[in-house]
Amino acid sequence: MVRDWWIGDAWSIKDSILQALPTLLPLIAGVSIPDAEVDDCFVGKNAKDGQLTLKEAYNSIAKPRPCVNLRSFPWDIDTPPAHSMIVWRFIHNKLPTDENLRIKGFSFPSLCSLCNTCSESSPHLFFECSFVRKIWNWFAGTLKDNRLIYNLEDCRKIMEQPWCPRAKVVVQASIACIFHQIWTTRNKNRFEDKTASWKTRVGLVNAHAKIVGDNSRRGSNSAMTNFVFHKKFGVQIHPKKPVVAKEVLWSPPLAGWLKCNIDEVVSGNHKLAACGVLCRDHQANHIFSLCDFIGSEAPEVAELMAVILAIEEAKRRNITNLWLETDCIFVVNAFKNRSMVSWKLRSRWLVCWDYSIRINFMVTHI
Ligand SMILES: [Zn+2]
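Below is the structure:
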């Protein structure tokens, strides 16, 4: 039992065991054990609350989806489903190109209907053909870094660039529309004997991107790169609504009390999080301040880490009158319902929670 090895506030492990397992102590040194009696339980490693659900179990054994990194693409509310469907079928290799029909047992000579020089396969038809290279090169010329596009991975990298929401809609709609135009041109060539120049197709993509951009409700920002991109497609700029400043006054604690203000920040595509704590007395004198880099985590987790840092420091300094102020209602509720806390933090949280009920403590929401 863990209680046999945890005496007071530290691990107490026999020398014979430490000699046999020299890596054990560094491994468990960062683990805090709460004083309160808590039942042991099994936890699902990837689940936030530790509960192993059917969905978690399925995801752990299912094969990764080919478009797992594309997130909102190709299915986006601003992209027509007919365009998204062509992209989706390409991603899953479900389009009836000559190559795929041969795999199913059909036997016939294959010739690309767009360039009439190569046999037809999905990669050739959508990215390698001399006809479609002109369309992709035109699209690359509208981007800020003129990044050339040779496969779907290149499309993903372009979509993940720091666009404003409206520009991202235009990028996604343009890529989906290019797929749709390529497939439509190929079918008209092959089955209706109708040819079209690549410039005609580019004109249709351009017109479609403008319609999507103008009708999207998503906002744009003041970045010059987004402005230039919008203007290349003739999309109207819809500036963001002005931010309403909210005035917040810091109210001091009573004499003899200390007040900790905590906050977090999450930024970047990978949602990198950090948190900070500022502790002051009733005269607003600085007592201590802390900050920590959390990594790729949700804002609530970063806010909880700030609380843990604040209470652990208060415990270290024997502070017995503590007021914690946060702008996160999740943290306030976590003091009422411990199961809301992620299982990864729960052990440290219980230690802090146990200390908070033994001192004069309050937590408030701004
Ligand atoms: Zn071709």
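Using numbering that gives the first Met the number 0, the first residue of the sequence shown is number 0, and each one after it goes up by one.
Don't be surprised by glycine CBs; every beta carbon is placed ideally from N, CA and C.
Query: Chain-order list of residues whose beta-carbon lies under 6 Å from that of ARG347 (same chain, five-residue window excluded); Result: SER31 and ILE307
Query: Stretch-stretch touch, CB-based, cutoff 8 Å, three pairs: the stretch 148 to 164 with the stretch 186 to 205; Result: no
Query: Extent of the continuous alpha helix (DSSP H) run through CYS176; Result: 164 to 190
Query: Continuous alpha helix (DSSP H) assignments of at least 4 residues falling wholly in the stretch 120 to 171; Result: 129 to 141 and 151 to 158
Query: CB contact flag (ALA81, HIS179, <8 Å); Result: yes
Query: Three-state class that DSSP yields for LYS343 in the structure shown; Result: helix
Query: Reduced DSSP category for GLY212 - H, G, I as helix; E, B as strand; rest coil; Result: helix
Query: Within 8 Å, strictly: CB atoms of LEU253 and HIS281; Result: yes
Query: Pick from ASP213, ALA139, LEU257 and TRP342 that is closest to PHE41, judged by C-alpha positions; Result: TRP342
Query: Every unbroken beta strand (DSSP E) inside the stretch 249 to 300 [3 residues or more]; Result: 257 to 266, 271 to 279 and 285 to 295
Query: Inter-residue CB distance, HIS229 and SER219 (contact presumed, cutoff 8 Å); Result: 7 Å
Query: Per DSSP, cross-strand counterpart(s) of LEU323; Result: CYS259 and VAL362
Query: Among GLU246, ALA175 and TRP249, nearest to ILE76 - alpha-carbon criterion; Result: ALA175
Query: Closest residue to ASN99 among VAL242, ALA28, MET223 and GLU119 (Cα-Cα distance); Result: GLU119
Query: Nearest to GLY104 (by Cα), restricted to the options TRP182, LEU110, CYS111 and PRO95; Result: PRO95
Query: Top-ranked residue by Cα proximity to ARG316, from GLU127, ARG189, ASN332 and SER288; Result: SER288
Query: Sequence-distant residues of its chain with Cβ nearer than 6 Å to PRO298 (five each side left out); Result: GLU263 and VAL265
Query: For ASP38, the nearest candidate out of ALA61, ILE60, ARG146 and ARG2 (CA to CA); Result: ARG2
Query: Simplified DSSP assignment, three categories, for PRO80; Result: helix
Query: Distance cut-off 7 Å: THR116 Cβ against heavy atoms of ligand 1; Result: yes
Query: Whole-angstrom C-beta distance between LEU349 and ALA35, which should lie under 8 Å; Result: 6 Å
Query: Buried versus exposed, by CB contacts within 10 Å (16 or more), CYS381; Result: This structure cannot speak to residue 381, because the chain is shown only from 0 to 365.
Query: Contact test: PHE130 Cβ vs ligand 1 heavy atom, cutoff 7 Å; Result: yes
Query: Closer than 7 Å: LEU94 CB and nearest ligand 1 heavy atom; Result: no
Query: Start-to-end residues for the alpha helix (DSSP H) that takes in THR22; Result: No alpha helix (DSSP H) holds THR22; DSSP gives it neither H nor E.
Query: HIS123: CB within 7 Å of a non-hydrogen atom of ligand 1; Result: yes
Query: DSSP state of ALA206 mapped onto helix, strand, coil; Result: helix
Query: Beta bridge counterpart(s) of PRO238 as assigned by DSSP; Result: SER219
Query: Nearest to ASP153 (by Cα), restricted to the options LYS167, VAL168 and PHE126; Result: PHE126
Query: Nearest-angstrom Cα separation, counted from SER112 out to SER91; Result: Note on residue identity: the sequence assigns His, not Ser, to residue 91. Going from the Cα of HIS91 to the Cα of SER112 covers about 22 Å.
Query: Which listed residue (ASN145, ASP144, ARG146 and CYS114) has its alpha carbon closest to that of VAL131; Result: CYS114
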